[in-house]
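Colleague:
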Amino acid sequence: MEKVHKPKKVFVQGPISPDFVSKSIASHQSKTNIGAHAIFLGQIRADKKETGLVSGIEYTAYEEMAEQLFHEIREAAFAKFELSCMHIYHSLGVVPTGEISLFVFVSSPHRRAAFEASEYIVEEIKANVPIFGKELVGEGGEYVWKENK
Amino acid sequence: MSLHVMYYGMLAEITGLAEEVWVGDSQLTVGGFRNQLLDKYPAMREKKFKVAVNQKISEDFVPIDAQSEIALLPPFAGG
Chain W
1 MEKVHKPKKV
11 FVQGPISPDF
21 VSKSIASHQS
31 KTNIGAHAIF
41 LGQIRADKKE
51 TGLVSGIEYT
61 AYEEMAEQLF
71 HEIREAAFAK
81 FELSCMHIYH
91 SLGVVPTGEI
101 SLFVFVSSPH
111 RRAAFEASEY
121 IVEEIKANVP
131 IFGKELVGEG
141 GEYVWKENK
Chain V
1001 MSLHVMYYGM
1011 LAEITGLAEE
1021 VWVGDSQLTV
1031 GGFRNQLLDK
1041 YPAMREKKFK
1051 VAVNQKISED
1061 FVPIDAQSEI
1071 ALLPPFAGG
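Going down the list, the protein sequences come from chains W and V.
The numbers in the first sequence follow our numbering, run straight up by one, and end at 149.
The numbers in the second sequence follow our numbering, run straight up by one, and end at 1079.
Shown next, in the form of structure tokens:
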């Protein structure tokens, strides 16, 4: 029988804390069909720009469309890979350099599906979800718009 | 017909607006809308963007129905 996955809230305000990540791991200890977790964490890099270093990224999104696309990516990943569960969190607002803005957490009975699903999900998010980022440069209020390669 | 148009990221900086009501003719396509938009906001000619109609990224040939929600989306930066 096809399992129906409820849409889940993906966006969180500000950085994703290491504490939240560790609590998410702990909450899976009771799911004993899982043999492998894969976790991807996107961290803000201090890229060098003409006028200084990136001090953080301010994220905005077309939230309704983004939530719908996250849901479609989840459904596609469940269909393609043998997964027990999946969680995606992405920041909105300012995330300072060195902090986490994306947390993808997939669990499977076996490692291969977990590795492959995490890569698939991250690439889909980067290419297709309408999230916009302003790279804040230095402390003087300068910025440049970020574009995924 | 009237459309609900929304601007994101650097495009909202060009228009100075997050959203506006757009009055278009009934035969409007995405390409036709794009031309009207570039006439109104010439600075957008230098920008890359996609057009979403009712949350679906749409090519220029796609017709736009009355009451549609249109979003102008600059390059994505998630992750």
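A virtual CB, placed ideally from N, CA and C, is assigned to each residue, including glycine.
All of these numbers come straight from a predicted model, not from anything done at the bench.
(1) Could you check the C-alpha separation between P1075 of chain V and H37 of chain W for me, to the nearest Å?
(2) Which value, in whole angstroms, describes the spacing of the CA atoms of G133 of chain W and E1019 of chain V?
(3) Going by the beta-carbon positions, is the gap between I39 of chain W and G56 of chain W smaller than 8 angstroms?
(4) Helix, strand or coil for G35 of chain W per DSSP?
(5) What residue ranges within the stretch 1004-1033 of chain V form continuous beta strand (DSSP E) runs of no fewer than 3 residues, ordered along the chain?
(6) So, helix, strand or coil for P96 of chain W, using DSSP?
(7) For E1059 of chain V, is the classification buried or exposed, using 16 other Cβ atoms within 10 angstroms of its Cβ as the cut-off for buried?
(8) Could you have a look at E63 of chain W and say whether DSSP puts it in helix, strand or coil?
(9) With 8 angstroms set as the bound, which would you pick, yes or no: does the beta-carbon of Q68 of chain W sit closer than that to a beta-carbon of chain V?
(10) Is M1044 of chain V close to chain W, meaning its C-beta is less than 8 angstroms from at least one C-beta of that chain?
Modeller: Considering the structure as presented:
(1) 31 angstroms
(2) 19 angstroms
(3) no
(4) coil
(5) 1019-1023
(6) strand
(7) exposed
(8) helix
(9) yes
(10) no
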